[in-house]
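Residue numbering for the sequence shown follows my numbering, beginning at 348 and increasing consecutively.
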Amino acid sequence: MAPTAYDEGNIFARILRGEIPCNKVHEDKHALAFHDIHPQTPVHVLVIPKGPYVSLEDFSAQAGEAEIAGFWRAVGLVARQLGVVERGYRILANCGPDAHQEVPHFHVHVFAGKDLGRMIKPRDK
Ligand code: 5GP
């Protein structure tokens, strides 16, 4: 089951409180972006909203207009700042168990730096 209540002890909440360091790419009023600790691609950055949202549907239902706009603006700004716009990049958000979401604080992965292939790996349905 996907968690419904926000866990204040999750690793990204701890990063936001400054209890755990991160390799920061960008920070503003609504978002924090930092390099993934286990990069899957040459460029692998996580962008998280500062508010306590478990996943995208929680964020879209609970966050204010300024937070939502600010967060998505930050995702685009981070892509530009990383210099990946010309070659291209992929954003991805894992939400819930079937998507193997590990950290229950909404986040967007920004993958770039190589040919990423098409969409997700084909598997048996
Ligand atoms: P998810 O599977 O939830 O979409 O992805 C969580 C991501 O967070 C993983 O790619 C994982 O490597 C990353 N991660 C987990 N713990 C830490 C940490 O302490 N610091 C950083 N920078 N990334 C982390």
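Glycine residues also receive a C-beta, built at the ideal position from the N, C-alpha and C atoms.
Separation of residue 428 and residue 397 (C-alpha to C-alpha, rounded to the nearest whole angstrom) is 19 Å. The three-state secondary structure of residue 372, taken from DSSP, is strand. Short note on residue 381: C-beta closer than 7 Å to some heavy atom of the ligand 5GP.
The criterion of a C-beta distance shorter than 8 Å is satisfied by residue 454 and residue 395. If you draw a 10 Å sphere on the C-beta of residue 368, you find fewer than 16 other C-beta atoms in it, and that means exposed. Taken in chain order, the unbroken stretches of beta strand (DSSP E) that lie wholly in the segment 425-451 and span 3 residues or more are 436-439. Along the length of the segment 364-422, whole beta strand (DSSP E) runs at least 3 residues long occupy 371-374, 378-382, 390-396, reported in chain order.
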